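**Student:**
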Amino acid sequence: MTQADCWSGPAGQSAMSALRRGAIREWRDGGFALIVVLWTLVLLGLLTTRLVASGRTAINLAGNLRAAAEARAMADGAINDAVFHVLATGPAHWQPDDTVHRLREGPVTVTVRIRSLAGMINPNIAPPALLAGLFQAVGATRDHAQSLAQAVITWRSPPLSAMARKTRLARYRRAGLAYGPPGRRFSDLSELGDVIGMTPRLLAKCRPHMSLHQHAAPDPAFADPVVRRALTLAGSSGQKPSRDLATPVIEVDARALGPNALSARRQAIVSIPGTEALTPFRFLLLTSCSHC
42 MTQADCWSGP
52 AGQSAMSALR
62 RGAIREWRDG
72 GFALIVVLWT
82 LVLLGLLTTR
92 LVASGRTAIN
102 LAGNLRAAAE
112 ARAMADGAIN
122 DAVFHVLATG
132 PAHWQPDDTV
142 HRLREGPVTV
152 TVRIRSLAGM
162 INPNIAPPAL
172 LAGLFQAVGA
182 TRDHAQSLAQ
192 AVITWRSPPL
202 SAMARKTRLA
212 RYRRAGLAYG
222 PPGRRFSDLS
232 ELGDVIGMTP
242 RLLAKCRPHM
252 SLHQHAAPDP
262 AFADPVVRRA
272 LTLAGSSGQK
282 PSRDLATPVI
292 EVDARALGPN
302 ALSARRQAIV
312 SIPGTEALTP
322 FRFLLLTSCS
332 HC
């Protein structure tokens, strides 16, 4: 019997079928394993790409944070330089007249402005006529300005009696407000927005001309046109305030500009008693300014 005869019989054909089925099964198993391997490689590639991208993002973020910290430190340093120049005499002296001074350190440029607050209006000490003059100078009607000025005085002044406190509170209740005048000075200019009759638009116009750190009547020599107009309306434009007991206060605005449009802006309010004082200067406020 030849080999062909062996495979041609029923037993041979059955064996051939079994071999074919086994070969197909092995081919299918091998194909499935190949697909698994390929998908594993794809997933590993995706994970590697994601890890590399995350690493680059982390590196860039760390670099930006470092650059931002350096820019902020340079802005703070420029503020200290500005205070030194204000205290200095001779050619090194800088007048607080809002002049722009430029400092450069490597790739970073810092612009510094210094202005005196002597021409500002302090809502904690300003008389009603001056407050009304300011409100009128920025666009309020005369009646509204006078009413609002009185509301500011009421807000910052302690009530003289329990009945007076109830009367104040009742007015705010009638206006639909759940609070009333606290009877104490403003700690932030934004609190003026809670005074009855004050609108956001009117407050936005008043803020550039007000400061809580100016502890004397505004000096026309340092006042801007709006404050001078307010002084005129209040009938005190020709009066030079006494500043014998008032310590000069300045505002220093420093902006550091670095590469890749990176910037940091810092503002400081500084009291300047002078070089003859035990403490020639004192920081009253130091803040970052992201909305200016």
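Residue numbers (the numbering used here): 42 to 333.
Glycine included, every Cβ here is placed at the ideal spot set by N, Cα and C.
Remember, predicted model here, so these are calculated numbers, not experimental data.
Between His126 and the rest of its own chain, which residues show a CB-CB distance below 7 Å, the 5 nearest in sequence each way excluded?
**Tutor:** Ala133, His134 and Trp135
**Student:** When DSSP builds the beta bridges, which residues end up paired with Gln308?
**Tutor:** Asp294 and Thr328
**Student:** Locate the beta strand (DSSP E) running through Ile155, then write down its first and last residues.
**Tutor:** Val149 to Ser157
**Student:** How many Å lie between Ala129 and Leu233 at the Cα?
**Tutor:** 37 Å
**Student:** Three or more beta-carbon pairs under 8 Å between the segment 166–181 and the segment 199–213, yes or no?
**Tutor:** no
**Student:** Would you kindly report the start and end of the unbroken beta strand (DSSP E) that includes Asp139?
**Tutor:** Per DSSP, Asp139 belongs to the beta strand (DSSP E) from Asp138 to Glu146.
**Student:** Pull up the DSSP beta-bridge partners for Arg323, would you.
**Tutor:** Ser312
**Student:** Tell me which same chain residues have a C-beta within less than 6 Å of the C-beta of Ala159, skipping the five on either side of it?
**Tutor:** Asp260 and Phe263
**Student:** With distances taken Cα to Cα, identify the nearest neighbour of Ala302 among Pro148, Leu325 and Arg91.
**Tutor:** Pro148
**Student:** Bridge partners for Met251 per DSSP, in chain order?
**Tutor:** Ile162
**Student:** Using only the alpha-carbon positions, how far apart do Leu319 and Val311 sit?
**Tutor:** 15 Å
**Student:** Measuring CA to CA, which of Leu189, His256 and Val293 is closest to Cys247?
**Tutor:** Closest option to Cys247, Cα to Cα, is Leu189.
**Student:** Confirm, please, whether the CB-CB distance from Ala192 to Gly238 is below 7 Å.
**Tutor:** yes
**Student:** If you draw a straight line from the C-alpha of Asp294 to the C-alpha of Leu82, how long is it?
**Tutor:** 56 Å
**Student:** The alpha helix (DSSP H) spanning Asp229 covers which residue range?
**Tutor:** From DSSP, Asp229 is part of no alpha helix (DSSP H); its letter is neither H nor E.
**Student:** If you draw a straight line from the alpha carbon of Ala110 to that of Gly299, how long is it in whole angstroms?
**Tutor:** 11 Å
**Student:** Could you tell me the alpha carbon to alpha carbon distance between Arg242 and Asp184, rounded to whole angstroms?
**Tutor:** 17 Å
**Student:** Mapping DSSP to helix, strand and coil, what is Trp48?
**Tutor:** With a pLDDT of only 48 at Trp48, under the threshold of 50, the placement of this residue in the model should not be trusted, and no figure is reported.
**Student:** What would DSSP say about His256, mapped onto helix, strand or coil?
**Tutor:** coil
**Student:** Ordered along the chain, which non-local residues of its own chain (more than five positions away) have a Cβ less than 7 Å from that of Asp117?
**Tutor:** Arg307
**Student:** Gly221: buried (16+ other C-beta within 10 angstroms of its C-beta) or exposed?
**Tutor:** buried
**Student:** Have a look at Leu75 and Leu84 and give me their C-alpha separation to the nearest angstrom.
**Tutor:** In this structure, the alpha-carbon of Leu75 lies about 14 Å from that of Leu84.
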